[in-house]
Amino acid sequence: MTQIRPRRSVLYMPGANERALEKAKTLPADALVLDLEDAVAPDAKKAARERVCAALGSYGTREVAIRVNGLDTEWHDADLRAAASAGPAAVVVPKVNSAGEVHNIERALELGGAPEETKIWAMLETPVAILHAEEIAAASSRLTVLVMGTNDLAKELHAAFIPGRWPLLSALSTAVLAARATGKVILDGVYNDVKDGPGFEAECRQGRDFGFDGKTLIHPSQLEPCNRIFAPSPAEVDHARRVIAAFDEARSAGRGVVTVDGRMIENLHVEEAQRVLALAEAVGS
Numbered sequence: 006m007t008q009i010r011p012r013r014s015v016l017y018m019p020g021a022n023e024r025a026l027e028k029a030k031t032l033p034a035d036a037l038v039l040d041l042e043d044a045v046a047p048d049a050k051k052a053a054r055e056r057v058c059a060a061l062g063s064y065g066t067r068e069v070a071i072r073v074n075g076l077d078t079e080w081h082d083a084d085l086r087a088a089a090s091a092g093p094a095a096v097v098v099p100k101v102n103s104a105g106e107v108h109n110i111e112r113a114l115e116l117g118g119a120p121e122e123t124k125i126w127a128m129l130e131t132p133v134a135i136l137h138a139e140e141i142a143a144a145s146s147r148l149t150v151l152v153m154g155t156n157d158l159a160k161e162l163h164a165a166f167i168p169g170r171w172p173l174l175s176a177l178s179t180a181v182l183a184a185r186a187t188g189k190v191i192l193d194g195v196y197n198d199v200k201d202g203p204g205f206e207a208e209c210r211q212g213r214d215f216g217f218d219g220k221t222l223i224h225p226s227q228l229e230p231c232n233r234i235f236a237p238s239p240a241e242v243d244h245a246r247r248v249i250a251a252f253d254e255a256r257s258a259g260r261g262v263v264t265v266d267g268r269m270i271e272n273l274h275v276e277e278a279q280r281v282l283a284l285a286e287a288v289g290s
């Protein structure tokens, strides 16, 4: 069975906040993004960079990424050099708009001595990025994850923030298509209202139904529902096991037609069942 690294919940933690970085050690996030961008004031950028790089080894086997400042900012080059030297699991880069920018990021990491294990996570936050999502995703084997920046995307589209996100659905679908076409992981964007539990859960379910692998988060209170919704339910695990068992039994008996719960089963259903079981094993559900 193919091993899956779960990224159901990916929590942004402010790089300038030492207390938050310490608290992150106890949180049940699948991955952490130590943030040097939005969460850090300009006069705190340098200190946050040093603090985040020093903290990287404090999170055990947890997947920990660093979000650097954007390519068009004065802090980007220094952030990349520091991240390359520190060797996080990944570098999250905001507003990636082209394959050429991916190549430049990759070269900068290589020149900075980044280990091969340090991957690129590209944020899709603009109309240009969505229109070139497949090119961006396919630009490098070092790029392994696409991250939706839905707040910036909505702003640039002049789109309304409304329940169901229907103004963004075509962009979200395009990004998922690009990820699946190129074999990359894709993470849904953040949900801004940390006090709106039902709205958050609805958006998690929508993202999961769209095909996202997980969701980026801005508050620890969002972890439990996100982990639960993006994990296979007991019923889904049971169904996956029965699909695989029925298919194996039919193949052993030389039967060409397999049904489970009255539905025809083909190879594609077996592959999806195997993916469900691999994810369930990875998250212990």
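Residue numbers (my numbering): 6 to 290.
Using N, Cα and C, we set each Cβ at its ideal position, and we do this for glycine too.
Discussion item. What does the alpha-carbon distance come out to for the pair Ala142 and Glu122?
Written reply: Looking up residue 142 in the sequence shown gives position 137. Looking up residue 122 in the sequence shown gives position 117. Taking the straight line joining both Cα atoms gives about 18 Å.
Worksheet item: Quick one: what's got a C-beta closer than 7 Å to Ile234's C-beta in the same chain, skipping five residues either side?
Response: Taking the sequence shown and counting its residues from 1, the one referred to as residue 234 is at position 229. Within the same chain, and ignoring the five residues on either side of Ile234 in sequence, the residues whose Cβ sits closer than 7 Å to its Cβ are Glu206, Cys209, Arg210 and Arg213.
Worksheet item: Would you report the Cα separation of Ala89 and Ala21, rounded to the nearest angstrom?
Response: Stepping through the sequence shown from its first residue, residue 89 is reached at position 84. Stepping through the sequence shown from its first residue, residue 21 is reached at position 16. If you take the alpha carbons of Ala89 and Ala21, they lie about 19 Å apart.
Worksheet item: Any idea what DSSP makes of Pro19, helix, strand or coil?
Response: The sequence position of residue 19 within the sequence shown is 14, counting from 1. It is a strand residue.
Item to complete: Return yes when the Cβ of Asn102 is within less than 9 Å of the Cβ of Thr131, no when it is not.
Response: Counting from 1 along the sequence shown, the entry for residue 131 is found at position 126. Counting from 1 along the sequence shown, the entry for residue 102 is found at position 97. Result yes, Cβ atoms of Thr131 and Asn102 sit closer than 9 Å.
Practice prompt. Starting from Ile191, trace the beta strand (DSSP E) both ways and give me its first and last residue.
Written response: Here residue 191 is taken as the residue at index 186 of the sequence shown, counted from 1. For Ile191, the enclosing beta strand (DSSP E) starts and ends at Val190 to Asp193.
Practice prompt. Starting from Asp48, follow the alpha helix (DSSP H) in both directions and report where the run begins and ends.
Written response: Indexing the sequence shown from 1 puts residue 48 at position 43. Looking at the DSSP string, Asp48 is not in any alpha helix (DSSP H), and its letter there is neither H nor E.
Worksheet item: The beta strand (DSSP E) with Gly267 in it runs from where to where?
Response: Translated into positions along the sequence shown, residue 267 becomes position 262. Gly267: not part of any beta strand (DSSP E); DSSP gives it neither H nor E.
Discussion item. Quick check: Leu273 and Arg246, are their CB atoms within less than 9 Å of each other?
Written reply: Position 268 of the sequence shown holds residue 273. Position 241 of the sequence shown holds residue 246. Result no, Cβ atoms of Leu273 and Arg246 do not sit closer than 9 Å.
Worksheet item: Are Gly92 and Ala119 close, meaning C-beta to C-beta below 9 Å?
Response: Here residue 92 corresponds to residue number 87 of the sequence shown, with the count starting at 1. Here residue 119 corresponds to residue number 114 of the sequence shown, with the count starting at 1. Yes. Within cutoff.
Worksheet item: Out of curiosity, what's the CA-to-CA distance linking Glu42 and Gly188?
Response: Residue numbering aside, residue 42 sits at position 37 when the sequence shown is read from its first letter. Residue numbering aside, residue 188 sits at position 183 when the sequence shown is read from its first letter. Rounded to whole angstroms, Glu42 to Gly188 spans 27 Å at the Cα level.
Worksheet item: Whose C-beta lies closer than 6 Å to the C-beta of Ala113 among residues of the same chain, with five residues either side of it excluded?
Response: Within the sequence shown, the letter at position 108 stands for residue 113. Closer than 6 Å at the Cβ level, and outside the excluded window around Ala113, lie Leu85.
Discussion item. Would the region 215 to 226 count as touching the region 174 to 184 if we require 3 or more Cβ pairs under 8 Å?
Written reply: Contact between the region 215 to 226 and the region 174 to 184 is present: 3 or more CB-CB pairs across the two stretches fall below 8 Å.
Discussion item. Restricting to Cα atoms, I'd like to know which of Val265, Leu116, Thr66 and Trp126 is closest to Ser73.
Written reply: Position 68 of the sequence shown, counted from the first residue, corresponds to residue 73. Contrary to the premise, residue 73 reads as Val rather than Ser in this sequence. That would be Trp126, whose Cα lies nearest to the Cα of Val73.
Worksheet entry | Residue from Ala258, Val248, Ser14 and Ala95 with nearest C-alpha to Thr264 | Mapped onto the sequence shown, residue 264 falls at position 259. When only C-alpha atoms are compared, the closest one is Val248.
Worksheet item: Skipping 5 residues on each side, what residues in its chain have a beta carbon closer than 8 Å to that of Val262?
Response: Counted from its first residue, the sequence shown places residue 262 at position 257. Only Ala255 and Met269 meet the Cβ criterion.
Worksheet item: Excluding the five sequence neighbours on either side, which residues of its own chain have a C-beta within less than 6 Å of the C-beta of Phe252, listed in chain order?
Response: Translated into positions along the sequence shown, residue 252 becomes position 247. So the list reads Val263, Ile270 and Val275, once near-sequence residues are dropped.
Worksheet item: From Pro172 to Ala165, what does the alpha carbon distance come to, in whole angstroms?
Response: Mapped onto the sequence shown, residue 172 falls at position 167. Mapped onto the sequence shown, residue 165 falls at position 160. Cα-Cα distance, rounded: 7 Å.
Worksheet item: So what's Ile71 in DSSP terms, helix, strand or just coil?
Response: Sequence index remark: in the sequence shown, residue 71 carries index 66 (1-based). Here Ile71 sits in strand by DSSP.
Discussion item. So for Asp84, helix, strand or coil by DSSP?
Written reply: For the purposes of this step, residue 84 is taken as the residue at position 79 of the sequence shown. Here Asp84 sits in helix by DSSP.
Item to complete: Return the chain-ordered ranges of every alpha helix (DSSP H) run that is complete within the region 217 to 275 and spans a minimum of 4 residues.
Response: Within the region 217 to 275, complete alpha helix (DSSP H) segments of at least 4 residues are found at 228 to 234 and 239 to 258, given in chain order.
Practice prompt. Reducing DSSP to helix, strand and coil, say where Asp157 ends up.
Written response: Taking the first residue of the sequence shown as 1, we reach residue 157 at position 152. Assignment of Asp157 by DSSP, reduced to helix, strand and coil, places it in the helix class.
Worksheet item: Nearest to Asp77 by CA position, among Val98, Tyr64, Met153 and Glu286, is which residue?
Response: Along the sequence shown, read from residue 1 onward, the residue named residue 77 stands at position 72. The candidate whose alpha carbon is nearest that of Asp77 is Val98.
Worksheet item: Just the Cα atoms here: how many angstroms apart are His81 and Asn156?
Response: If you number the sequence shown from 1, residue 81 lands on position 76. If you number the sequence shown from 1, residue 156 lands on position 151. Roughly 21 Å separates the two Cα atoms.
Item to complete: Give a yes or no on contact between the region 19 to 36 and the region 53 to 61, applying the rule of three or more CB pairs nearer than 8 Å.
Response: The region 19 to 36 makes contact with the region 53 to 61, as at least three CB pairs between them are under 8 Å.
Worksheet entry | Nearest-angstrom Cα separation, counted from Glu106 out to His137 | Residue mapping note: residue 137 aligns to position 132 of the sequence shown, counting from 1. Residue mapping note: residue 106 aligns to position 101 of the sequence shown, counting from 1. Per the coordinates, the alpha-carbon of His137 lies some 12 Å from the alpha-carbon of Glu106.
Worksheet item: Whose C-beta lies closer than 7 Å to the C-beta of Glu161 among residues of the same chain, with five residues either side of it excluded?
Response: For the purposes of this step, residue 161 is taken as residue 156 along the sequence shown, with counting starting at 1. Within the same chain, Glu161 has close Cβ partners Thr131 and Pro132.
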